[in-house]
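Numbering (this note's numbering), first residue to last: 8 to 423. For glycine and all other residues, C-beta sits at the position ideal for the given N, C-alpha and C. What you are looking at is a predicted structure, and each value in this text was computed from that prediction instead of being measured. Notes follow once the structure below has been shown.
Okay, here's the thing in structure tokens:
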């Protein structure tokens with residue numbers, strides 16, 4: 008996609024850089040972006056064809072100064088959606104990298120080599136970012152202090168993915184069955200204690216699982232292929248979950264194996280016979296560990312995708328774990344709400360097959376979307392609006408599919 012840095016060359020108060028005989032290419036790229044690596048190789052070959060060609064490159068995901076320059080270029084060109092790679096030749100700005108942009112860049116370079124062209128990025132860098140590149144885009148909000156709007160996208164993405172992950176049919180199944188057994192004891196105190204411990208350790212175990220993924224990606228995440236591999240796995244997990252909406256438990260399914268359920272049920276019933284409170288608490292912890300080991304089968308895709316996206320941001324170790332804590336707080340909220348409601352009302356409903364199918368569909372479509380973005384353009388996940396639009400699109404598509412299924416197969420809704 009082609010844009011122009013018109014503001015650099017227009018207006019009475021702006022003095023354009025003089026046209027130069029030759030060509031200068033400015034490449035804005037992100038570490039771990041596979042398309043960026045392909046364009047780098049292309050530009051290297053292009054330099055061999057045009058010995059006078061100069062290439063400047065700026066990594067923008069981890070370098071704040073480069074990111075500030077990149078934002079200024081986008082604003083000047085009137086581009087609202089960021090994405091890498093972004094290539095500037097003279098005053099022409101090219102977004103993305105494919106066969107079409109490859110040809111367009113070659114044509115622009117040939118024109119600049121033949122006729123000369125101004126260096127719009129150098130002019131922007133000199134005029135607007137020489138003294139305050141580190142603070143561009145920072146705004147002050149009362150009581151909150153200075154905030155970089157670009158940084159808002161990661162918290163939003165964290166909340167969206169954590170919330171979707173929290174609607175985990177496997178976790179709901181285990182918790183609802185456990186609470187249904189405890190209802191017979193008619194003790195709100197016992198229900199709240201056991202349910203609360205179960206939810207707490209579910210979050211803790213999930214946190215440790217995600218921390219393991221995080222450290223794997225921190226070690227090998229510099230390899231661009233890792234992001235693509237993560238996208239492929241996400242597509243596979245998403246496809247299986249969508250399949251389960253239409254063909255529940257047929258073929259490969261990410262559910263708690265039937266062979267594991269009797270042992271889980273036995274542990275749950277054992278809690279009712281615990282002779283002392285410490286024994287009950289210990290039994291609940293063991294149950295939570297056992298149950299969550301199986302629940303990871305249902306939802307391993309979201310933690311993997313999220314931690315990979317997290318490592319694409321240059322953060323301190325403390326900040327990485329802060330985001331994991333936020334994710335897991337969001338993850339356990341629905342479970343905690345279920346415990347609170349059932350404890351107060353002493354009533355419980357079983358998760359039906361139809362409800363499980365719907366949860367599978369929503370999570371599957373989201374995983375497919377995330378997988379596609381990781382492969383095509385991971386930079387989109389740095390944009391809060393893109394995350395919200397993706398979620399809205401998934402929910403809308405899910406609603407249409409669910410309504411269509413209810414019309415075509417009304418008997419499926421009655422399955423328990």
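Residue i lies in the beta strand (DSSP E); which residues open and close that run?
i: residue 62; result: 61–66
i: residue 86; result: Careful: residue 86 lies outside any beta strand (DSSP E) and carries neither H nor E.
i: residue 32; result: 31–36
i: residue 101; result: 99–102
i: residue 227; result: Not the beta strand (DSSP E): residue 227 falls in the alpha helix (DSSP H), residues 195–227.
i: residue 283; result: Counting along the chain, residue 283 falls outside any beta strand (DSSP E), and DSSP gives it neither H nor E.
i: residue 95; result: 93–96
What does a CB cutoff of less than 6 Å around residue i pick up in its chain, not counting 5 residues either side in sequence?
i: residue 397; result: 376
i: residue 14; result: Model confidence at residue 14 stands at a pLDDT of 44, short of 50, so the residue's coordinates are unreliable and nothing is read from them.
i: residue 60; result: 30 and 54
i: residue 240; result: none
i: residue 337; result: 166, 169 and 170
i: residue 373; result: 171 and 401
i: residue 162; result: none
i: residue 62; result: 32 and 50
i: residue 308; result: 241, 244 and 374
By a C-beta neighbour count over all protein chains shown, 10 Å radius and 16 as the cutoff for buried, is residue i buried or exposed?
i: residue 226; result: exposed
i: residue 415; result: exposed
i: residue 171; result: buried
i: residue 105; result: exposed
i: residue 169; result: buried
i: residue 315; result: buried
i: residue 26; result: With a pLDDT of 41 at residue 26, under the threshold of 50, the predicted position of this residue should be treated as unreliable, and no value is reported.
i: residue 339; result: buried
i: residue 393; result: buried
i: residue 370; result: buried
i: residue 37; result: buried
i: residue 244; result: buried
i: residue 287; result: buried
i: residue 410; result: exposed
i: residue 346; result: buried
i: residue 94; result: buried
i: residue 198; result: buried
i: residue 273; result: exposed
To the nearest angstrom, how far is the alpha carbon of residue i from that of residue j?
i: residue 35; j: residue 67; result: 6 Å
i: residue 321; j: residue 92; result: 18 Å
i: residue 420; j: residue 253; result: 12 Å
i: residue 403; j: residue 312; result: 22 Å
i: residue 210; j: residue 200; result: 15 Å
i: residue 417; j: residue 99; result: 55 Å
i: residue 79; j: residue 365; result: 43 Å
i: residue 250; j: residue 326; result: 36 Å
i: residue 238; j: residue 381; result: 5 Å
i: residue 109; j: residue 101; result: 9 Å
i: residue 51; j: residue 401; result: 40 Å
i: residue 399; j: residue 295; result: 33 Å
i: residue 87; j: residue 119; result: 27 Å
i: residue 298; j: residue 256; result: 19 Å
i: residue 293; j: residue 128; result: 60 Å
i: residue 408; j: residue 49; result: 42 Å
i: residue 139; j: residue 73; result: Because the pLDDT at residue 139 is just 43, under 50, the model does not fix this residue reliably, and the value given afterwards should be weighed accordingly. Their backbone Cα atoms lie some 12 Å apart in a straight line.
i: residue 329; j: residue 173; result: 18 Å
i: residue 351; j: residue 85; result: 55 Å
i: residue 405; j: residue 368; result: 7 Å
i: residue 122; j: residue 214; result: 58 Å
i: residue 81; j: residue 113; result: 21 Å
i: residue 196; j: residue 160; result: 40 Å
i: residue 175; j: residue 124; result: 56 Å
i: residue 413; j: residue 362; result: 12 Å
i: residue 69; j: residue 323; result: 12 Å
i: residue 270; j: residue 182; result: 15 Å
i: residue 395; j: residue 283; result: 48 Å
i: residue 223; j: residue 247; result: 24 Å
i: residue 285; j: residue 341; result: 26 Å
i: residue 71; j: residue 194; result: 55 Å
Can you list, in chain order, the residues of its chain whose CB lies under 8 Å from that of residue i, leaving out five sequence neighbours each side?
i: residue 343; result: 203 and 206
i: residue 116; result: 30, 32, 53, 57, 60 and 96
i: residue 379; result: 238 and 242
i: residue 217; result: 310, 313, 314, 331, 334 and 335
Could you pull the start and end residues of the alpha helix (DSSP H) that residue i belongs to?
i: residue 115; result: 106–122
i: residue 165; result: 160–173
i: residue 45; result: 41–56
Suppose the cutoff is 7 Å on Cβ atoms and the five residues either side in sequence are ignored; what does the same chain contact list for residue i look like?
i: residue 143; result: In this predicted model, residue 143 has a pLDDT of only 42, less than 50, meaning its place in the structure is not dependable enough to derive any value.
i: residue 348; result: none
i: residue 220; result: 310, 311 and 314
i: residue 277; result: 290
Run through the segment 317–396 for me and flag every whole alpha helix (DSSP H) of 4 or more residues, listed as ranges in chain order.
-> 324–352 and 360–383
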